[in-house]
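Enquirer:
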Amino acid sequence: MDSKNPHAGHRSRMRKRFLAAGYDALYEHELLELLLFYARPVVNTNNIDHALTDEFGSLGKTLSTDRDKLCEVDGMGSSGSLFMKLMYDFGTNYLKRSHSSETLNTVQQLKNCISEQFSDSQAKICSILCLGAQFELIRTITLPVDDITNGSISPKELAAMILKSGAFSICVGLNHGNALPLPNDSDFTVTRIFAELLSAVGITFRDCIIYGSKNSFSMRTNGAFSFR
Numbered sequence: 001m002d003s004k005n006p007h008a009g010h011r012s013r014m015r016k017r018f019l020a021a022g023y024d025a026l027y028e029h030e031l032l033e034l035l036l037f038y039a040r041p042v043v044n045t046n047n048i049d050h051a052l053t054d055e056f057g058s059l060g061k062t063l064s065t066d067r068d069k070l071c072e073v074d075g076m077g078s079s080g081s082l083f084m085k086l087m088y089d090f091g092t093n094y095l096k097r098s099h100s101s102e103t104l105n106t107v108q109q110l111k112n113c114i115s116e117q118f119s120d121s122q123a124k125i126c127s128i129l130c131l132g133a134q135f136e137l138i139r140t141i142t143l144p145v146d147d148i149t150n151g152s153i154s155p156k157e158l159a160a161m162i163l164k165s166g167a168f169s170i171c172v173g174l175n176h177g178n179a180l181p182l183p184n185d186s187d188f189t190v191t192r193i194f195a196e197l198l199s200a201v202g203i204t205f206r207d208c209i210i211y212g213s214k215n216s217f218s219m220r221t222n223g224a225f226s227f228r
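Going letter by letter, the sequence shown gives residues 1 to 228 in full-length UniProt numbering.
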């Protein structure tokens, strides 16, 4: 056994199990522990993975949890929570890019896309679906809602991101997590910001869809906002 890491033998066995039989050979908490081997290389991760599972319920929910909440779990630390955040963001962005030819020309298709992105997340985030001339999804931009409403990201910066994508139109998705998908003051603020900046640059604002409690709400369909 490695004298510098008394847990090396256990880690080696776990890696061999994964390499021999793949993802399905391990329980969720074991997969989480395997990830933690790389996030916390010299720490006993067994207690950490159980604490994460107890706190957040599943591997998917753990990975999609806000970094600040991950940091609160004993043993995670700044580097561990950053690693988990990177893993989640890399994975979700890869999936979004791999579905870049997806066509979203109906409200239901837009709802389905937003629901898929937010289904395992409790984070207060805004997802901007950038659509091409044939309503194909060409890029997804994900930002914290608070950064938009408090001005940390200015309308000019938002417009630059969208213009860079080459979008002909966009749809905004807002995540309410376990709360009902009914528009609140923050949602109206975000929608108003996008309506004004998109009008200025000549890009169509398709809809703002709110997701929450496994349901979605179209602000356009329900007449909650005057889209021009």
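Glycine is no exception: its CB is placed at the ideal position from the N, C-alpha and C atoms. Since this is a predicted model, take the numbers as computed values, not measurements.
Pairs of beta-carbons, one from the segment 60 to 74 and one from the segment 101 to 114, closer than 8 angstroms: are there three or more?
Expert: Flag = no, the segment 60 to 74 and the segment 101 to 114 do not touch.
Enquirer: Measuring CA to CA, which of Gly75, Lys156, Ser186, Ile114 is closest to Val43?
Expert: Gly75
Enquirer: Put Asp185 into one of helix, strand or coil per three-state DSSP.
Expert: DSSP places Asp185 within a helical segment (H, G or I) once states are collapsed to three.
Enquirer: Along the alpha helix (DSSP H) that carries Asp207, what are the first and last residues, could you check?
Expert: Element bounds for Asp207: not the alpha helix (DSSP H) but the beta strand (DSSP E), 204 to 212.
Enquirer: Where are the alpha helix (DSSP H) runs, 4 residues long or more, that stay fully inside the UniProt domain "RadC-like JAB" (105 to 223), in chain order?
Expert: 107 to 118, 145 to 149, 155 to 165, 185 to 201
Enquirer: I want to know whether the segment 110 to 122 touches the segment 146 to 162 - three or more CB-CB distances under 8 angstroms.
Expert: no
Enquirer: Is it right to say His176 is buried, meaning 16 or more other beta carbons lie within 10 angstroms of its own, or is it exposed?
Expert: The residue is buried, with at least 16 neighbouring Cβ atoms inside 10 Å.
Enquirer: What does DSSP give as the partner residues of Thr103 in its beta bridges?
Expert: Glu136
Enquirer: Let me know if Glu33 comes out buried or exposed under the rule of 16 or more other beta-carbons within 10 Å of its beta-carbon.
Expert: buried
Enquirer: Does Cys126 pass the burial test, meaning 16 or more other C-beta atoms within 10 Å, or should it be called exposed?
Expert: buried
Enquirer: How many Å lie between Ala159 and Ile203 at the Cα?
Expert: Approximately 10 angstroms between the Cα atoms of the pair.
Enquirer: Between residue 237 and Leu129, how many whole angstroms is the CB-CB distance? I'm expecting something under 8 angstroms.
Expert: What is shown of the chain runs 1 to 228, which leaves residue 237 out entirely.
Enquirer: Out of curiosity, what's the CA-to-CA distance linking Ala200 and Gly60?
Expert: Approximately 39 angstroms between the Cα atoms of the pair.
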